[in-house]
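Using the numbering used here, you'd call the opening residue of the sequence shown number 79 and step up by one each time. Backbone N, C-alpha and C fix where the C-beta goes; we use that ideal spot for every residue, glycine too. Working notes for the structure below.
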Amino acid sequence: MSVMTREQNERLVRTGPGTPMGRFFRSYWIPAMLSERLPQRDGPPIRIRLLGEDLVAFRDTDGRVGLMDEFCPHRRASLFYGRNEQCGLRCVFHGWKFDAAGKLIDTPTEMNPDFGATVQVTAYPTREAGGIVWTYMGKEAAPPPFPDWLFTHLPETQRFAWHYNAPFNYLQAVEADIDISHPAFLHGTIGKAPIDRSRAAMAADPQPKAFTREEPFGLMTVWGWETDDPARSLVWVDPYVVPCHTIVPAGRTLMRYIWHAWVPRDDESHWLYYIHFDPELVGGPDERRALEETYGHDLIDPENDYRSRASLENLHFVDRELQRTESFSGIRGIAAQDIAVLESMGPIIDRTREHVGSKDYLVIRLRKYLLDLLDRQDAGDPLPGLNGEVARDIDSRMVIVPTSTSFEEVLGRREWTWGDVDKAA
Ligand code: FES
Ligand SMILES: [Fe+2]
79 MSVMTREQNE RLVRTGPGTP MGRFFRSYWI PAMLSERLPQ RDGPPIRIRL LGEDLVAFRD
139 TDGRVGLMDE FCPHRRASLF YGRNEQCGLR CVFHGWKFDA AGKLIDTPTE MNPDFGATVQ
199 VTAYPTREAG GIVWTYMGKE AAPPPFPDWL FTHLPETQRF AWHYNAPFNY LQAVEADIDI
259 SHPAFLHGTI GKAPIDRSRA AMAADPQPKA FTREEPFGLM TVWGWETDDP ARSLVWVDPY
319 VVPCHTIVPA GRTLMRYIWH AWVPRDDESH WLYYIHFDPE LVGGPDERRA LEETYGHDLI
379 DPENDYRSRA SLENLHFVDR ELQRTESFSG IRGIAAQDIA VLESMGPIID RTREHVGSKD
439 YLVIRLRKYL LDLLDRQDAG DPLPGLNGEV ARDIDSRMVI VPTSTSFEEV LGRREWTWGD
499 VDKAA
């Protein structure tokens, strides 16, 4: 049994300015929001909280996205009320105007034309790719290389994106994503056939095996389940990529991959991203609808800052009849099931009170990995994943292999791809 100390827990969950984990997140390009939140040039600005900082975002006349301190550096009025006009956001209190880079470009109340140059404004660079506005919130003058994710190269018909404003600490969600023994229970069905072979194997084997290996991008995780054929195992190659991503080989019947990000909003909430993508399959409205149904993404309420309509207040719409007859949890939607249990823990779980065991192996490994990284950061050592070229090639697969195959061998044989899942019926 591995027990976390209160200090270790604090070190992992706090991400505000000046905290070790906050500094770690600020070393990378991270998703700030889905591009769909700023649909028009010169449209209304939005407020967005990231890593404990209150920011305002707007799309200017040329289509660029500005991301800066929500509060005007003059008298601290909220720039959310600002006028987005002629390549800049103008504060409605006294008319100061900022461009998309956050530069103060007009101070109409000031006599001194150089006054603007003396005012420090907190603003962060942005870039858009794959339907996401990304930002770098670190202090280095030159941001790190931009991550080259595979899904950012795909057209919109091959990627479907959602994000949630989830009311609990980011790490609870990352840990759940690499929690190998929970799918058999939380996402399980009762009395009806699972939707595909992977779900069938997960449901039948509550004690999957796991393996990890440290990589230049983070931590590779490999999961293995026994299948109904004793000679064959189902294996997932499921990378965790710093600072807050996984690529899940989710299934064959819908888009094959899910790219996740869990970006702290503050210490008690985070932005949870689901990008479903497939480099071969082209989807349309039906595919989108099927993903909404399977994952519960239709519960997202854009009118309520992208919170899920299912919450602790309505007990996540748990349906006891459904729980009795069809679904282990009684909660509809894979994402909604995860959110329900993670929100039920409280905004920040007290990890000193857990009793983690052998099948929590990956969770324990991830915590240790992150604590080690923070120590390396303190020591001034280089951090992983800052080579942007790496991201596109990161391995993620589901394969069916002879039971005797080692996890290392699966990792070494990238030619073993999804086709095996189909063939080995
Ligand atoms: S507070 Fe914004 S211009 Fe005065
Ligand atoms: Fe889950």
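> So Asp306 and Ala282 are in contact, right, with Cβ under 8 Å, and what is the actual spacing, rounded?
Replying inline: Counting from one through the sequence shown, the residue named residue 306 turns up at place 228. Counting from one through the sequence shown, the residue named residue 282 turns up at place 204. Between Ala282 and Asp306 the Cβ distance is about 7 Å, and since that is below 8 Å, they are a contact.
> Do His120 and Asp177 have their CB atoms nearer than 9 Å?
Replying inline: The residue you call residue 120 lines up with position 42 of the sequence shown. The residue you call residue 177 lines up with position 99 of the sequence shown. The question names His, but residue 120 in the sequence shown is Asp. Contact flag unset, no.
> If you draw a straight line from the alpha carbon of Leu377 to that of Thr185, how long is it in whole angstroms?
Replying inline: Numbered from its first residue, the sequence shown carries residue 377 at position 299. Numbered from its first residue, the sequence shown carries residue 185 at position 107. Leu377 and Thr185: Cα-Cα distance of roughly 44 Å.
> For Ile210, does the three-state DSSP call read helix, strand or coil?
Replying inline: The sequence position of residue 210 within the sequence shown is 132, counting from 1. Correct three-state label for Ile210: strand.
>> For ligand 2, is there any heavy atom lying closer than 8 Å to the beta carbon of Leu264?
In response: Here residue 264 is taken as the residue at index 186 of the sequence shown, counted from 1. Leu264: yes, Cβ under 8 Å from ligand 2.
> Going by alpha carbons, who is nearest to Ser156 out of Ala368, Gly173, Tyr351 and Leu489?
Replying inline: Numbered from its first residue, the sequence shown carries residue 156 at position 78. When only C-alpha atoms are compared, the closest one is Gly173.
> Going along the chain, which residues put their C-beta within less than 5 Å of some heavy atom in ligand 1?
Replying inline: Having a Cβ closer than 5 Å to some heavy atom of ligand 1 are Cys150, His152, Arg153, Ala155, Cys169, Phe171, His172 and Trp174.
> With respect to the beta strand (DSSP E) encompassing Phe238, which residues constitute its N-terminal and C-terminal limits?
Replying inline: By one-based count along the sequence shown, residue 238 stands at place 160. Where Phe238 is concerned, the enclosing beta strand (DSSP E) stretches over Arg237 to Ala244.
> When the Cα atoms are used, what is the spatial distance from Ile273 to Lys181?
Replying inline: Residue 273 sits at position 195 when you count from the first residue of the sequence shown. Residue 181 sits at position 103 when you count from the first residue of the sequence shown. One C-alpha to the other measures close to 53 Å.
>> To test your reading of the DSSP string, which unbroken alpha helix (DSSP H) runs of 4 or more residues are found completely within the stretch 357-393?
In response: 363-373
>> Just to confirm the assignment, what range does the alpha helix (DSSP H) spanning Phe136 have?
In response: For the purposes of this step, residue 136 is identified with residue 58 of the sequence shown, where counting begins at 1. Looking at the DSSP string, Phe136 is not in any alpha helix (DSSP H); the run it does join, the beta strand (DSSP E), is Glu131 to Arg137.
> If we ignore side chains and look at the alpha-carbon of each, how far apart do Asp226 and Ala207 end up?
Replying inline: Here the question's residue 226 lines up with position 148 in the sequence shown. Here the question's residue 207 lines up with position 129 in the sequence shown. Those two C-alpha atoms are separated by around 9 Å.
>> Restricting to Cα atoms, I'd like to know which of Glu365, Ser436, Gly94 and Arg89 is closest to Pro286.
In response: The residue given as residue 286 occupies position 208 in the sequence shown. Selected option, being the one with the closest Cα: Ser436.
> From which residue to which residue does the beta strand (DSSP E) around Thr403 run?
Replying inline: Counting from 1 along the sequence shown, the entry for residue 403 is found at position 325. Thr403 -> not in any beta strand (DSSP E); alpha helix (DSSP H) instead, spanning Arg398 to Thr403.
>> Does the beta-carbon of Ser259, which I'm using as the reference point, lie nearer than 8 Å to any heavy atom of ligand 4?
In response: Of the ligands one can find in the structure shown, namely ligand 1 and ligand 2, none is ligand 4.
>> Can you find the residues in the same chain that come closer than 6 Å, C-beta to C-beta, to Asp147, ignoring five residues on each side of it along the sequence?
In response: Within the sequence shown, numbered from 1, the residue matching residue 147 stands at position 69. In its chain, beyond the 5 residues on either side, Thr200 have a beta carbon closer than 6 Å to the beta carbon of Asp147.
> How big is the Cα-Cα spacing for Cys322 and Val252?
Replying inline: Here residue 322 refers to the residue found at position 244 of the sequence shown. Here residue 252 refers to the residue found at position 174 of the sequence shown. When rounded, the distance between both Cα atoms is 7 Å.
> Cα separation between Met99 and Arg154?
Replying inline: As a working mapping, residue 99 is identified with position 21 in the sequence shown. As a working mapping, residue 154 is identified with position 76 in the sequence shown. Rounded to whole angstroms, Met99 to Arg154 spans 28 Å at the Cα level.
> Which whole-angstrom value describes the C-beta separation of Gly296 and Phe485, a residue pair presumed to lie in contact below a C-beta threshold of 8 Å?
Replying inline: As a first step, residue 296 must be located in the sequence shown, where it is residue number 218. As a first step, residue 485 must be located in the sequence shown, where it is residue number 407. That pair is no contact at about 17 Å.
> Mind checking His433: buried by the 16 CB within 10 Å criterion, or exposed?
Replying inline: As a position in the sequence shown, residue 433 is number 355, starting the count at 1. By the neighbour-count rule (16 or more Cβ atoms within 10 Å), His433 is not buried but exposed.
> Ala220: buried (16+ other C-beta within 10 angstroms of its C-beta) or exposed?
Replying inline: The residue you call residue 220 lines up with position 142 of the sequence shown. Classification for Ala220: exposed.
> Roughly how far, in whole angstroms, is the beta-carbon of Val488 from the beta-carbon of Val300, given that I think they are within contact range, below 8 Å?
Replying inline: Reading the sequence shown from its first residue, position 410 is the one you call residue 488. Reading the sequence shown from its first residue, position 222 is the one you call residue 300. Right, their Cβ atoms sit about 6 Å apart.
> From this set, Gly94, Arg470, Glu358 and His241, which residue's C-alpha is nearest Pro223's C-alpha?
Replying inline: If you number the sequence shown from 1, residue 223 lands on position 145. Checking every option, the nearest Cα to that of Pro223 belongs to Arg470.
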